[in-house]
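Numbers in this note's numbering are just positions in the sequence shown, counted from 1, shifted up by 1332.
Glycine included, every Cβ here is placed at the ideal spot set by N, Cα and C.
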Amino acid sequence: MPTFDIVDGMALFYNDEGQGEPVLLVHGFPLSSELYKPQRAALAHRYRVITPDLRAMGRSDVPTDGVYSMDVYADDLVALLDHLGISMITVGGLSMGGYIVFALMRRHPERIKGVILMDTKAGADTEEGRAGRRKMAEQARAEGAAAVAEVMLPKMLTERTRTEQPELAAFMRDMMAATPVEGLVGALDALANRPDSTDTLAQIQVPTLVIVGSEDTLTPPSEAEKIAAGIRGAQLVVVENAAHAANVERPDQVNEALEAFLDRLG
Ligand code: MLT
């Protein structure tokens, strides 16, 4: 299993599959690189697909300094790109992964060739949203990751998919339940304190694809429309009958959109 030491023995896990133009896909909360299993399967025959686990999520180590923010996650990813000798890349993120892409665009725009924003939004948390993060962090500490997974699952997949494809529901639930509690609490703090990225939209000067599930209630299509309207030339794809984890729920539609976008980027 490929890992890479970010600092002082703290290792980041990543998958690096396929050959061709590289694309980095950043997972959301409370997920891991497993989120992109359907994309690795579909894209790795023509592209080099790099899917890391963020610090303290998936199989990556928990940092001893306990530091979590969108900027820190972004800098971890740039350190990984340096380690892999990749100077420019297309980067995609789902939800919190999208917030990290915004941080990358602010901090390292010269490294980014194209942008893919999936089921995400530009705005910061409201006060109510921050209170919800604190409540979830308390729940994570008291009851563990499995309890958080139960809360998040109905947001990730539509009811129909959860009923008709129990194996897919189990896949998502297991991925979330495996997140270290430190990683959950750290990510919730990073989510609550993330900046508003609305002003970042106009700074994105590279080709951009925006994807959203039509049934996403966490980051609904109205948010994706705002993102697409704010980025010059951005293309918006609404995936029908998909909730927040649209790439898992409707992989064929999402992969088709991704391949068409990556092909155009060349
Ligand atoms: C995610 O999927 O990364 C989170 O749900 C994002 C959020 O809650 O803002």
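Residue i Cβ short of 7 Å to the ligand MLT heavy atom set
i, result
"S1364", "no"
"S1401", "no"
"H1415", "no"
"S1419", "no"
"S1529", "no"
"G1360", "yes"
"M1508", "no"
"L1597", "no"
"M1428", "yes"
"L1550", "yes"
"L1485", "no"
"L1523", "yes"
"H1576", "yes"
Span of the alpha helix (DSSP H) around residue i
i, result
"M1468", "1459-1475"
"I1432", "1428-1439"
"Y1405", "1402-1416"
"D1595", "1583-1597"
"R1372", "1369-1375"
Beta-carbon proximity list for residue i, same chain, < 8 Å, skipping 5 on both sides
i, result
"A1599", "Not covered by the structure: residue 1599. The range shown for the chain is 1333 to 1598."
"G1352", "R1378, Y1379, R1380"
"P1334", "F1345, Y1346, N1347, D1348"
"L1597", "E1353, T1422, K1445, G1446, P1539"
"G1350", "R1372, L1375, A1376, H1377, R1378, Y1379, R1380, V1381"
"P1362", "M1389, A1477, V1480, A1481, M1484, M1508, T1511, G1515, L1516, A1519"
"P1370", "N1579, V1580, P1583, V1586, N1587"
Residues near residue i by beta carbon distance below 6 Å, same chain, minus five either side
i, result
"L1530", "Checking the displayed sequence, the identity of residue 1530 turns out to be Thr instead of Leu. Excluding sequence neighbours, T1530 sits near A1454."
"H1576", "D1451, K1487, M1488, D1548, L1550"
First through last residue of the beta strand (DSSP E) which encompasses residue i
i, result
"D1337", "1335-1339"
"K1453", "First-last for K1453: undefined, no H or E at that position."
"L1356", "1354-1358"
"H1575", "Reading the sequence as shown, one finds Ala at residue 1575 and not His. Segment: none, A1575 is in no beta strand (DSSP E) and carries neither H nor E."
"Y1346", "1342-1349"
"V1381", "1380-1384"
Close beta carbons around residue i, own chain, < 7 Å, minus the five adjacent residues each side
i, result
"A1646", "Past the edges of the chain, shown from 1333 to 1598, lies residue 1646, and the structure says nothing about it."
Run through the segment 1486-1568 for me and flag every whole alpha helix (DSSP H) of 4 or more residues, listed as ranges in chain order. 1491-1496, 1498-1509, 1513-1524, 1530-1533, 1553-1562
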